[in-house]
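Undergrad:
There are 2 protein chains.
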Amino acid sequence: MAETGKNSVGLVKTDKMRVIEQDKPLELESGKKLGPIDVAYETYGKLNEAGDNAILICHALSGNAHVAGVNSPEDKKPGWWNVMVGPGKGIDTNKYFVICSNFLGGCSGTTGPRSVNPQTQKPYGLDFPIITIADMVKVQKLLADKLGIKNLLSVIGGSIGGMQVLQWAIAYPDFVKSAIAIATTTHLSAQSIAFDAVGRNAILADSNFAGGQYHTGKSPDMGLGIARMIGHITYLSEQGMRAKFGRELRSAESYSYDFNSEFAVETYLDYQGQSFVERFDANSYLYITKAADYFDLEKEYGSLEKAFAETKSRFLVISFASDWLFTPAQSKAMVDALAAANKPVSYCDIASPYGHDAFLLEPEILGSFLSGFLDATHRPGITRATKHKTQKAKYKMPSSRARVDYELIESLIKPNSTVLDIGCGNGELLANLTADKNVKGRGIEFQQELVLACVNRGLSIIQHDIELGLANYANKSFDYVILSQTLQTVKEPKKVFKELLRVGKKVIVSFPNFAHWQCRAQLLFLGKAPQTKQLHCKWHNSQNIHFLSIKDFDDFCAKLGVKVEEKIPLGKARLKPIRFAPNFFAEQVIYVTRKD
Amino acid sequence: MAETGKNSVGLVKTDKMRVIEQDKPLELESGKKLGPIDVAYETYGKLNEAGDNAILICHALSGNAHVAGVNSPEDKKPGWWNVMVGPGKGIDTNKYFVICSNFLGGCSGTTGPRSVNPQTQKPYGLDFPIITIADMVKVQKLLADKLGIKNLLSVIGGSIGGMQVLQWAIAYPDFVKSAIAIATTTHLSAQSIAFDAVGRNAILADSNFAGGQYHTGKSPDMGLGIARMIGHITYLSEQGMRAKFGRELRSAESYSYDFNSEFAVETYLDYQGQSFVERFDANSYLYITKAADYFDLEKEYGSLEKAFAETKSRFLVISFASDWLFTPAQSKAMVDALAAANKPVSYCDIASPYGHDAFLLEPEILGSFLSGFLDATHRPGITRATKHKTQKAKYKMPSSRARVDYELIESLIKPNSTVLDIGCGNGELLANLTADKNVKGRGIEFQQELVLACVNRGLSIIQHDIELGLANYANKSFDYVILSQTLQTVKEPKKVFKELLRVGKKVIVSFPNFAHWQCRAQLLFLGKAPQTKQLHCKWHNSQNIHFLSIKDFDDFCAKLGVKVEEKIPLGKARLKPIRFAPNFFAEQVIYVTRKD
């Protein structure tokens, strides 16, 4: 009964709504028509007076409308995302009005192949038309209209639910203020199609399948069970399976020397297969996996960039490092396309061992991202960093990256310009530039907790390793690119610098000056690797892996044909440039450079 | 007919040999008895007079005795490893006498579940006893004895064939001079067991399976086909599938909106499933995958180190970077155990996009490793590097690692000692130490072509990234550990150095001296990052990521409580130590250190 307590949405019921009448059928993407269409849905929380707090959750393959709470006091299991949705949770039902519906083609209340075909008065079976993700979303939009929703603060979903999220943002740009796509992809890989195909083969070849009209006889449980087992292997990661099962035997010390299931992982799969056939319809499995296989934004729009061209949502894209079904690389591709199309997008690849299932199993970190992003989307504007003292304290910059050059860099940037801040940390500089100079800023950062800090500030922040380049950005797509105190820490400074010069009209670079007099003196008189306030680590534990002076960088720019517009040698804590013998007296330096 | 040409073993025939009579049955690992046992086998090449050139090849799940050449002039497809076995190929039939037999439980001539059960005069079906990898190897040994083989120059196999290789080396240590284990594992992961279990489930649940007695009626083709499809997905890599199929449609531009196979990857799997059921027996599939699931050297011997304790073979272990079925990490674990048990072992993780199937699809690079290793095993001893001029020229050391300190380091090593050379390059130093001082040497190297060069020299060489530590080696397991011109290039010098001090009684370290007078002068007078003969790269393209002087290293050793036994400051090309003001005049330095 904990599920009706204060952290739960409590006792909820699944409602049903007819969104399409039989005499006015919906035209599907395939060209076929379908009607009537009923939709099963649940809602939690309250729509506020402004009507701006509605959130739609889209479920994945085996989900349904029942996201959170319990449907009856006797329910042993709460809704499928109860960990994430409820009062004070990642998707906070105290703040937001949450809707979820079973999608078209499902088997949990919404019209699907198990529904009665009005032509035959029997279940549709394989006479149900092939449906697509776009068809599912169309039906969800009809439901939203019927519920009197004028716009959605966010559409949120993982896996196939994430595909619906992307489709929503593309199909209804003015309706969707933000889109949160979790562990998803813009198209299935060949490998994922292959797994789906084997699962469908197992169902279609089951001798009980009876061409889909198995409702009066035995169900194709064997085929559906096999499909589900294959699915489950792909939802977990290899390391997750190893940790959970290893090579444990179910109940014995030694082998049984027969073909019964004896490894723990075998009995787990048996159980998953068995429990699934009790609650799911084999035909729905066919239709939903086919819809997933068909989803392909590149194919439909010519390119991902074109697919996202008309969207107006803020995007948050989340992947999980160990997800090998819908991989981080696939998420990264959609993020790159969104960034290239100049859309506001944030991205984080969350470290987790749970594979694809992590979107259900990582409520804490995922919840932080969701609540931070939703709050920032719901509140207006971005404020100066200094006003967020708690945040600053919580996400303190690592000392090696502490930047006395922030104020000076800010003074170099013209109002209303576009800025890309590489290694932006907790987003302090970007927030200030946004608040004070109305800059349109984007950040790139590698550390997960700093990415989260930026999301909380409402910034567009992409988790990325700058060593991999910026292939997604067009030439000269930013007025300024900032690389503060980072050049000396990258493996290939030349490659990185050239890439920044390509995408930025101006590149602002700062680094510690290795030819400062203290360095020279230490090497000369002590015969040791220099250690100063600015270069404060020992030779063996420094993050700095290249050492350069102002003169080195001058030579470097000359060789690369880079124009130095400004060169500002600085002491460690003073904003006043050093005029006399800068390569001797400056501890650090800021360059404004460009290459035409 | 190319297959009977000069690069082919030509027309070959599969022979059969009874190795166990019915009245003297073989006792299996399960305790059950089996007899008679017939073995199907092929041989190529000639056993030499010394009888020391016999090689046994062990096949994988779907293989058979027919490795190379053709069985009839009409054969369209040659044997399963024709690319590797033949005159002048990786396994050269001009030099070696090659044997391969279909394994116990198979369905290509050797006794298996399809054979006639003498008790019932019907095929065994599920009355066939469960067999293990050890049982398979026992039967192979009986065949070798019957063929008059006194010892094997090598046992070679990939995948399940590799398991047999490991079992051979453990069960018959005096019979096996070398063991080449390719893309294999000492135990299946939970994920691999899961895939096998789903495949067996599909077969067992097929309505045609009839408890295994399907020989008079329809075969369980659906189940076997599903199993094979799952298998094929695991044999390819995600990137391999993407390159081969992508999301290509078989024959249309647009979707068919039905459940027929339409993606190219679907029709590929259909074909693989279909062609497999025509040539393979479903019961054999059950028995072989079960044998693979049961194989677990850790479980059987308590630990891998114990499993390998009594082996006397030289080992070559090969994995493929994109193999996610039997992973590089699994190969690495067996290599670590062999190294820990002080066995001669070489290892390379070959860069390939072809996944598990790479062992069949990378004949060139894999063939180089095999031929080099076999030749070195067949010829006696290791000779000085200078005598292998062709090799030296072919595998030239990268200039950044060229070592003028080799001769001096060689002079510091006592005869008959044990040496671990970290970053050993093409093995020049190790070869010389072995030839001149009878040192028992091992090398660690990261670059594939340098690993191959060491294998060709007959050295024990493990591909490994030193940053990951040396956890497999016990404390003080070498008389000397050598780290030549590498300390300044590793990310965490302290961690690496401490690890070397743990495993070596003495650690010999050499590095360029950053406080050489030229460096001091350049920084002082030019205000630029030093660039000398020894530090010959620019600040931005140097592999050196830490800069240290003799004094820095003295301080470092003092802080770590490391005793410096010898310190030899050197000029770039002179072997005579620099006595006066070494931190000012030495370009490089060699330390002999230890920590008790």
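First to last, the sequence lines map onto chains A and B. Residue numbers for the first sequence follow the working numbering, so the first one is 666 and each next one is one higher. Residue numbers for the second sequence follow the working numbering, so the first one is 666 and each next one is one higher. Cβ coordinates follow ideal geometry from the N, Cα and C atoms, glycine included.
Would you mind sorting His1201 (chain A) into buried or exposed? The rule is 16 or more other CB atoms within 10 Å of its CB.
TA: Position 536 of the first sequence, counted from the start, is the residue given in the question as residue 1201 (chain A). By the 10 Å Cβ count, His1201 (chain A) comes out exposed.
Undergrad: Cβ of Lys741 (chain B) within 7 Å of any heavy atom in the ligand FAD?
TA: By its list of ligands, the structure shown contains no ligand whatsoever, and the ligand FAD lies outside what it can speak to.
Undergrad: Mapping the DSSP letters down to three states, classify Val863 (chain B) as helix, strand or coil.
TA: As a first step, residue 863 (chain B) is located in the second sequence; it is residue number 198 there, counting from the start. Three-state DSSP puts Val863 (chain B) in a helix.
Undergrad: Report yes if the C-beta distance between Thr708 (chain A) and Val781 (chain A) is below 8 Å; otherwise report no.
TA: By one-based count along the first sequence, residue 708 (chain A) stands at place 43. By one-based count along the first sequence, residue 781 (chain A) stands at place 116. Cβ atoms of Thr708 (chain A) and Val781 (chain A): not closer than 8 Å.
Undergrad: With a threshold of 16 other CB atoms inside 10 Å of the CB of Asn759 (chain A), please say whether the residue is buried or exposed.
TA: For the purposes of this step, residue 759 (chain A) is identified with residue 94 of the first sequence, where counting begins at 1. Looking at its Cβ environment, which holds fewer than 16 other Cβ atoms inside 10 Å, Asn759 (chain A) is exposed.
Undergrad: Using the beta-carbon of each residue, which ones in chain B are nearer than 8 Å to Lys1102 (chain A)?
TA: If you number the first sequence from 1, residue 1102 (chain A) lands on position 437. What Lys1102 (chain A) touches in chain B: nothing, since even the nearest Cβ is about 32 Å away.
Undergrad: Could you pull out every unbroken beta strand (DSSP E) segment of at least 3 residues lying fully inside the stretch 978 to 1051 of chain A, listed in chain order?
TA: Here the runs fully enclosed are 979 to 985, 1010 to 1015.
Undergrad: Does any residue of chain B have a CB that is nearer than 8 Å to the CB of Glu1132 (chain A)?
TA: Position 467 of the first sequence, counted from the start, is the residue given in the question as residue 1132 (chain A). Cβ-Cβ to chain B under 8 Å: no for Glu1132 (chain A).
Undergrad: Ends of the alpha helix (DSSP H) at Gly755 (chain B)?
TA: Here the question's residue 755 (chain B) lines up with position 90 in the second sequence. Unbroken run through Gly755 (chain B): none, as it is neither H nor E.
Undergrad: Answer with buried or exposed for Ser940 (chain B), where buried requires no fewer than 16 other C-beta atoms within 10 angstroms of its C-beta.
TA: Here residue 940 (chain B) refers to the residue found at position 275 of the second sequence. Classification for Ser940 (chain B): exposed.
Undergrad: Measure from the C-beta of Ala848 (chain A) to each C-beta in chain B and report whether the shortest distance is under 8 Å.
TA: What you label residue 848 (chain A) is simply residue 183 of the first sequence in a count that begins at 1. Chain B, which has no Cβ nearer than 8 Å to the Cβ of Ala848 (chain A), makes this no.
Undergrad: Roughly how many angstroms separate the alpha carbons of Ala848 (chain B) and Trp989 (chain A), rounded to a whole number?
TA: Taking the first residue of the second sequence as 1, we reach residue 848 (chain B) at position 183. Taking the first residue of the first sequence as 1, we reach residue 989 (chain A) at position 324. Using only the alpha carbons, I get a separation of about 21 Å.
Undergrad: Got a sec? Which residues, its chain only, sit under 7 Å from Thr1055 (chain A) by beta carbon, not counting five neighbours each side?
TA: Counting from 1 along the first sequence, the entry for residue 1055 (chain A) is found at position 390. Only weak support is given to the placement of Thr1055 (chain A): the predicted model assigns it a pLDDT of 40, under 50, and the question is left unresolved by the model.
Undergrad: Any beta-carbon of chain A closer than 8 Å to the one on His1021 (chain B)?
TA: Locating residue 1021 (chain B) in the second sequence gives position 356, counting from the first residue. By this cut-off, His1021 (chain B) is not an interface position.
Undergrad: If you draw a straight line from the C-alpha of Lys1159 (chain B) to the C-alpha of Glu1029 (chain A), how long is it?
TA: Taking the first residue of the second sequence as 1, we reach residue 1159 (chain B) at position 494. Taking the first residue of the first sequence as 1, we reach residue 1029 (chain A) at position 364. Straight-line Cα distance between these residues: approximately 35 Å.
Undergrad: From Phe866 (chain A) to Ile953 (chain A), what does the alpha carbon distance come to, in whole angstroms?
TA: Translated into positions along the first sequence, residue 866 (chain A) becomes position 201. Translated into positions along the first sequence, residue 953 (chain A) becomes position 288. Residue identity differs from the one stated: residue 866 (chain A) is Asn in this sequence, not Phe. About 14 Å.
Undergrad: Within a Cβ cutoff of 6 Å, which residues of the same chain sit near Leu1124 (chain B), ignoring the five residues on either side of it in sequence?
TA: Residue mapping note: residue 1124 (chain B) aligns to position 459 of the second sequence, counting from 1. Excluding sequence neighbours, Leu1124 (chain B) sits near Gly1092, Leu1095, Gly1108.
Undergrad: Classify Gly771 (chain B) as buried or exposed, calling it buried when 16 or more other Cβ atoms lie within 10 Å of its own Cβ.
TA: Here residue 771 (chain B) corresponds to residue number 106 of the second sequence, with the count starting at 1. So Gly771 (chain B) counts as buried.
Undergrad: Out of A:Leu1115, A:Lys1141, A:Ala1100, state which residue places its alpha-carbon closest to the alpha-carbon of His1275 (chain A).
TA: Only positions 666 to 1261 of chain A appear in this structure, which leaves residue 1275 (chain A) out of reach.
Undergrad: Listing by chain order, which chain A residues have their CB less than 9 Å from the CB of Arg915 (chain B)?
TA: Here residue 915 (chain B) is taken as the residue at index 250 of the second sequence, counted from 1. Per Cβ cutoff of 9 Å: no residues; Arg915 (chain B) is ~12 Å from chain A at best.
Undergrad: List, in order along the chain, the chain B residues whose C-beta lies closer than 7 Å to that of Asn1206 (chain A)?
TA: Here residue 1206 (chain A) is taken as the residue at index 541 of the first sequence, counted from 1. Under the 7 Å cutoff, chain B gives Lys1159.
Undergrad: Does the Cβ of Tyr950 (chain B) have 16 or more other Cβ atoms within 10 Å, making it buried, or fewer, making it exposed?
TA: Translated into the one-based positions of the second sequence, residue 950 (chain B) becomes position 285. Classification of Tyr950 (chain B): buried, given that the 10 Å Cβ count is 16 or more.
Undergrad: Enumerate, from N- to C-terminal direction, the unbroken beta strand (DSSP E) stretches of 3 or more residues contained entirely within the stretch 678 to 750 of chain B.
TA: For the stretch 678 to 750 of chain B, whole beta strand (DSSP E) runs of length 3 or above, ordered along the chain, are 680 to 685, 702 to 709, 719 to 723.
Undergrad: Can you give the Cα-Cα distance for Ala719 (chain A) and Lys711 (chain A), rounded to whole angstroms?
TA: Locating residue 719 (chain A) in the first sequence gives position 54, counting from the first residue. Locating residue 711 (chain A) in the first sequence gives position 46, counting from the first residue. Looking at the two C-alpha atoms, the distance is approximately 8 Å.
Undergrad: Are the CB atoms of Glu1110 (chain B) and Gly1090 (chain B) nearer to each other than 8 Å?
TA: The count along the second sequence starts at 1 and reaches residue 1110 (chain B) at position 445. The count along the second sequence starts at 1 and reaches residue 1090 (chain B) at position 425. Cβ atoms of Glu1110 (chain B) and Gly1090 (chain B): closer than 8 Å.
Undergrad: Once you ignore the five residues that flank Gly1236 (chain A) on each side, which residues in its own chain have a CB closer than 6 Å to its CB?
TA: By one-based count along the first sequence, residue 1236 (chain A) stands at place 571. Hits under 6 Å: Glu1252.
Undergrad: With distance defined between alpha-carbon atoms, name the residue in A:Gly675, A:Phe928, A:Leu693 nearest to Glu739 (chain A).
TA: Looking up residue 739 (chain A) in the first sequence gives position 74. Closest by alpha carbon: A:Gly675.
Undergrad: Within a Cβ cutoff of 6 Å, which residues of the same chain sit near Lys1156 (chain A), ignoring the five residues on either side of it in sequence?
TA: As a first step, residue 1156 (chain A) is located in the first sequence; it is residue number 491 there, counting from the start. The answer, listed in chain order, is Glu1132.
Undergrad: How many angstroms separate the CA atom of Arg1167 (chain B) from the CA atom of Val1146 (chain B)?
TA: Here residue 1167 (chain B) refers to the residue found at position 502 of the second sequence. Here residue 1146 (chain B) refers to the residue found at position 481 of the second sequence. Spanning the two alpha carbons is a distance of roughly 10 Å.
Undergrad: Could you please give the first and the last residue of the uninterrupted beta strand (DSSP E) stretch that includes Glu1230 (chain B)?
TA: Along the second sequence, read from residue 1 onward, the residue named residue 1230 (chain B) stands at position 565. Residues 1228 to 1235.
Undergrad: On a Cα-Cα basis, can you pick out the residue from A:Phe1162, A:Gly716, A:Asp886, A:Thr932 that is closest to Leu1256 (chain A)?
TA: Here residue 1256 (chain A) refers to the residue found at position 591 of the first sequence. Going by the sequence as given, residue 1256 (chain A) is Tyr instead of Leu. Minimum Cα distance to Tyr1256 (chain A) is reached at A:Phe1162.
Undergrad: Note down the Cα distance separating Gly790 (chain A) from Gly876 (chain A), rounded to an integer number of angstroms.
TA: Taking the first sequence and counting its residues from 1, the one referred to as residue 790 (chain A) is at position 125. Taking the first sequence and counting its residues from 1, the one referred to as residue 876 (chain A) is at position 211. Computed Cα separation, rounded: 8 Å.
Undergrad: Would you call the CB atoms of Ile1015 (chain B) and Leu1031 (chain B) closer than 8 Å?
TA: In the second sequence, the residue the question calls residue 1015 (chain B) occupies position 350. In the second sequence, the residue the question calls residue 1031 (chain B) occupies position 366. It is a contact, given that the beta carbons lie within the stated cut-off.
Undergrad: Could you pull the DSSP bridge partners for Gln1128 (chain A) from this structure?
TA: Numbered from its first residue, the first sequence carries residue 1128 (chain A) at position 463. DSSP lists A:Glu1110 as partners of Gln1128 (chain A).
Undergrad: Please check the pair Thr775 (chain B) and Val704 (chain B), which I expect to be a contact at CB under 8 Å, by giving their CB distance rounded to whole angstroms.
TA: Position 110 of the second sequence, counted from the start, is the residue given in the question as residue 775 (chain B). Position 39 of the second sequence, counted from the start, is the residue given in the question as residue 704 (chain B). Contact holds; Cβ gap of about 5 Å.
Undergrad: Just verifying my parser: in three-state terms, what is the DSSP assignment at Ala1100 (chain A)?
TA: Walking along the first sequence from the start, residue 1100 (chain A) turns up at place 435. In this structure, Ala1100 (chain A) counts as helix in the three-state DSSP scheme.
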